[in-house]
Amino acid sequence: MDKKLLFVLPIIFLFAACARQHEADRIYTNVYIHGVAVGGMNRAEAEAALAERFTAQLEARTVRYLKNGEVLAQYTFADFGAHFDFTAHIDDALIPRRGIARLFRRELNTSPVFVFNAERLEDIVNELSQKLDTSPQNASFYADSSGNISVTPERAGEGVNAELAAAATQALLKSLESGEISLNFAPLAPLYTVADFEFEPKILGSFNTRIASASDAPRVRNINRAAERINNSVIYPGETFSAGAIIASNLPESGYEAALVLVQGQPVEDIGGGVCQVVSTLYIAALHAELAILQRHNHSARVNYVDVGFDATVAGDYFDLKIQNTTPRPILITSYSNRNNLYVRIHGYEQRENNRSLRFEATTEIIPPEPYREVVDPTVPRGTRQITLESQMGYHVELYKIVYIDNIEHTREKINTSVYKPTQGIIAIGAG
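According to the working numbering, the residues represented by the sequence shown are 77 to 508, in order.
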């Protein structure tokens, strides 16, 4: 065979292969899809050209949601991820055409597939529900300044019928025309009505503590503020009350002032000093009411307003007092303070028998502190010694609840274990 022919044949085959590759990847000239010239384009270019032409139509079309004729919200079709899928047309356009057929205009006008994002539709309907739903209000009760308890009736709410709204939206999108949807609202019933309050509230548990120093104005104001915040709190059956969340002493906008608190057993000034007296008083009232204590933490050192083992503290989002209503009816917490005392009462449905009584007993192990630590202090007169921090005993306490039936011990249950670190005292030695 001629050597020149052997050289030319591979080149011919290469050009033929390239031509076939072109046919597979490119649309031939004179091809139009819904009037858009896509000749010479690859798949991605054709998709972009068609999207540019037809997406604007969808962006201009809207879905408006109404209630009683008033427009509440409006979205474009594009908000639902609506678009045309021209995949089948482009597949057809990419089929190679041979010979004379390449020279003639070819129109592909079959209807494109219309698509929308079902998840986005669901999100929009949920957004509407969150925006437009009105929550029902449970019946409740409260105590006035004289201590009289009154019931507040329930109030029904209403919510968007999300299923009907989603179905109507799908139908409107598929029509490819702008339109309006009148939303249907279904009533939302409260969980608790006045019927759940048809009982005479009794004091299930109460406690009061003495406010040690009326001269410590910031601390007293903090106690008053915390007492006001938990006052008239209602806990429905099975619900959990978070003292930390209600008192909110850790929030900068809470309005509490700096006063003495215990940090690692040391008295320091911090925002909200005094609120733990309210928390501790509430804790003891809840013990007497025999509610479930889901979370409770003792202080790092003994406090002076309740006995060891009976205190409770809140701090940040890690220490909290959580109380669960284990009674069959709602309960009401009332709290107030005067110049000398803080009072907390828990009102509810009394289901305990009259011959049943309680007593709380603490077993205490004393943990002695280390000997006083001596430090040289240039502010103290030379040759003198002054106690700048008193030593304080530590304690290991186990608290028990004892139930009596007809004054005879019936059960004994450990309620908590508390450990209070001893405080090592400091003696300043004069170097002045």
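Even for Gly, the Cβ is constructed at its ideal location relative to N, Cα and C.
This structure is a prediction, so every number in the text was calculated from the model and none was measured.
Next item on the list: Just the C-alpha distance for GLY522 and ALA303, rounded to the nearest angstrom, thanks.
Entry: This structure cannot speak to residue 522, because the chain is shown only from 77 to 508.
Margin query: Bridge partners for ARG511 per DSSP, in chain order?
Written below: Nothing in the structure corresponds to residue 511, since the chain is present only between 77 and 508.
Next item on the list: Tell me whether ALA504 sits in a helix, a strand or coil according to DSSP, three-state version.
Entry: On the sequence shown, residue 504 is found 428 positions in, with the first residue counted as 1. The answer is strand: DSSP assigns ALA504 an E or B state.
Check: In whole angstroms, what is the alpha-carbon distance linking ALA125 and ASN202?
Finding: Here residue 125 corresponds to residue number 49 of the sequence shown, with the count starting at 1. Here residue 202 corresponds to residue number 126 of the sequence shown, with the count starting at 1. Rounded to the nearest angstrom, the two C-alpha atoms are 34 Å apart.
Checklist line | Residue interval of the alpha helix (DSSP H) (run including PHE130) | finding: As a working note, residue 130 is residue 54 in the sequence shown. Start and end: 119–136.
Check: Alpha carbon to alpha carbon, how far is SER433 from GLU366?
Finding: The sequence position of residue 433 within the sequence shown is 357, counting from 1. The sequence position of residue 366 within the sequence shown is 290, counting from 1. Counting only the Cα atoms, GLU366 lies some 11 Å from SER433.
Next item on the list: Please report the Cβ distance between PRO498 and ILE443, rounded to the nearest whole angstrom; I am assuming they are in contact, meaning their Cβ atoms lie under 8 Å.
Entry: On the sequence shown, position 422 is the one that residue 498 refers to. On the sequence shown, position 367 is the one that residue 443 refers to. Beta-carbon to beta-carbon, PRO498 and ILE443 are separated by about 5 Å, close enough to satisfy the 8 Å threshold.
Notebook entry, point to check: Looking at LEU397 and LYS378, is the spacing between their C-beta atoms short of 7 Å?
Noted result: Residue numbering aside, residue 378 sits at position 302 when the sequence shown is read from its first letter. Residue numbering aside, residue 397 sits at position 321 when the sequence shown is read from its first letter. The residue you asked about is not Lys; residue 378 is Arg in the sequence shown. Cβ distance not < 7 Å, so ARG378 and LEU397 don't count as in contact.
Next item on the list: Could you work out which residue in ILE422, PHE190 and VAL355 is closest to SER318 when comparing CA atoms only?
Entry: Taking the sequence shown and counting its residues from 1, one reaches residue 318 at position 242. When each option's Cα is compared against that of SER318, the closest is VAL355.
Next item on the list: Answer yes or no: do LEU204 and VAL236 have a C-beta to C-beta separation smaller than 7 Å?
Entry: Within the sequence shown, the letter at position 128 stands for residue 204. Within the sequence shown, the letter at position 160 stands for residue 236. Cβ distance < 7 Å, so LEU204 and VAL236 count as in contact.
Next item on the list: Look at the alpha carbon of ILE104 and the alpha carbon of GLY115, and state the distance between them as a whole number of angstroms.
Entry: Taking the sequence shown and counting its residues from 1, one reaches residue 104 at position 28. Taking the sequence shown and counting its residues from 1, one reaches residue 115 at position 39. This sequence places Tyr at residue 104; Ile is not what is there. If I take the Cα positions, the gap works out to 5 Å.
Next item on the list: Run the CB neighbour count on ASP199, radius 10 Å, all protein chains shown included, and call it buried at 16 or more, exposed below.
Entry: Counting from 1 along the sequence shown, the entry for residue 199 is found at position 123. With fewer than 16 Cβ atoms within 10 Å of its Cβ, ASP199 is classed as exposed.
Check: Could you check where the beta strand (DSSP E) with VAL473 kicks off and where it finishes?
Finding: Reading the sequence shown from its first residue, position 397 is the one you call residue 473. Counting along the chain, the unbroken beta strand (DSSP E) around VAL473 starts and ends at 470–481.
Notebook entry, point to check: If you draw a straight line from the C-alpha of HIS423 to the C-alpha of LEU208, how long is it?
Noted result: In the sequence shown, the residue the question calls residue 423 occupies position 347. In the sequence shown, the residue the question calls residue 208 occupies position 132. Computed Cα separation, rounded: 36 Å.
Next item on the list: Taking 7 Å as the cut-off, decide whether the C-beta atoms of ASN308 and TYR218 are in contact.
Entry: Mapped onto the sequence shown, residue 308 falls at position 232. Mapped onto the sequence shown, residue 218 falls at position 142. Yes, they are a contact pair.
Next item on the list: State the DSSP-derived secondary structure class of GLN97, mapped to helix, strand or coil.
Entry: Numbered from its first residue, the sequence shown carries residue 97 at position 21. Summary for GLN97: the model assigns pLDDT 42, below 50, so the residue's position carries little reliability, and this model does not support an answer.
Next item on the list: Have a look at TYR381 and GLU146 and give me their C-alpha separation to the nearest angstrom.
Entry: Numbered from its first residue, the sequence shown carries residue 381 at position 305. Numbered from its first residue, the sequence shown carries residue 146 at position 70. If you take the alpha carbons of TYR381 and GLU146, they lie about 60 Å apart.
Checklist line | Separation of ARG415 from GLY320, as counted between CA atoms | finding: Numbered from its first residue, the sequence shown carries residue 320 at position 244. Numbered from its first residue, the sequence shown carries residue 415 at position 339. About 24 Å.
Item checked: C-alpha distance - SER258 paired with LEU170, whole-angstrom precision -> If you number the sequence shown from 1, residue 258 lands on position 182. If you number the sequence shown from 1, residue 170 lands on position 94. Distance between the alpha carbons of SER258 and LEU170 is about 45 Å.
Item checked: Cα-Cα separation between ARG182 and LYS143, rounded to whole angstroms -> In the sequence shown, counting from the first residue as 1, residue 182 sits at position 106. In the sequence shown, counting from the first residue as 1, residue 143 sits at position 67. So the two alpha carbons sit approximately 49 Å from each other.
Notebook entry, point to check: Which residues bound the alpha helix (DSSP H) around ILE103?
Noted result: Taking the first residue of the sequence shown as position 1, residue 103 is located at position 27. Element bounds for ILE103: n/a, residue is neither H nor E.
Margin query: Quick check: the Cα distance between THR440 and GLN468, rounded to an integer number of angstroms?
Written below: The count along the sequence shown starts at 1 and reaches residue 440 at position 364. The count along the sequence shown starts at 1 and reaches residue 468 at position 392. Cα to Cα, THR440 sits roughly 15 Å from GLN468.
Notebook entry, point to check: Taking the alpha carbon of THR210 as the point to measure from, which residue in GLU239, ARG196, ALA262 and ALA247 has its own alpha carbon closest?
Noted result: As a working mapping, residue 210 is identified with position 134 in the sequence shown. By alpha-carbon distance to THR210, the top candidate from GLU239, ARG196, ALA262 and ALA247 is ALA262.
Notebook entry, point to check: How is LEU85 classed by DSSP in three states: helix, strand or coil?
Noted result: Position 9 of the sequence shown holds residue 85. With a pLDDT of 43 at LEU85, under the threshold of 50, the predicted position of this residue should be treated as unreliable, though the coordinate-derived value follows. In this structure, LEU85 counts as helix in the three-state DSSP scheme.
Notebook entry, point to check: Ends of the alpha helix (DSSP H) at HIS71?
Noted result: Since the first and last residues shown for the chain are 77 and 508, residue 71 lies out of range.
Notebook entry, point to check: Since ILE109 sits in a beta bridge, which residues does DSSP pair it with?
Noted result: Taking the first residue of the sequence shown as position 1, residue 109 is located at position 33. Paired residue(s): VAL112 and LEU184.
Check: Should PRO406 be labelled buried (16 or more other beta-carbon atoms within 10 Å of its own) or exposed?
Finding: Sequence index remark: in the sequence shown, residue 406 carries index 330 (1-based). Classification of PRO406: buried, given that the 10 Å Cβ count is 16 or more.
Notebook entry, point to check: Under 6 Å from any heavy atom of the ligand HEM, does the C-beta of VAL112 make it?
Noted result: Among the components modelled here there is no ligand, and therefore nothing to report on the ligand HEM.
Margin query: Taking the straight line between their C-alpha atoms, what separation do you get for PHE91 and SER187?
Written below: The residue labelled residue 91 in the question sits at position 15 within the sequence shown. The residue labelled residue 187 in the question sits at position 111 within the sequence shown. Residue placement at PHE91 is flagged as unreliable, the pLDDT there being 42, under the threshold of 50; a coordinate-derived value is accordingly withheld.
Next item on the list: Quick one: residues in its chain with C-beta nearer than 6 Å to the C-beta of ARG435, no 5 flanking neighbours on either side, listed in chain order?
Entry: As a working note, residue 435 is residue 359 in the sequence shown. So the qualifying residues of the chain are ILE478.
Next item on the list: Would you kindly work out how many angstroms separate the C-alpha atoms of PHE160 and VAL191, rounded to a whole number?
Entry: Working through the sequence shown from its first residue, we reach residue 160 at position 84. Working through the sequence shown from its first residue, we reach residue 191 at position 115. Rounded to the nearest angstrom, the two C-alpha atoms are 6 Å apart.
Next item on the list: Starting from GLN400, follow its DSSP beta bridges and name the residues at the other end.
Entry: The residue given as residue 400 occupies position 324 in the sequence shown. Looking at the DSSP assignment, GLN400 forms a beta bridge with THR316 and ALA368.
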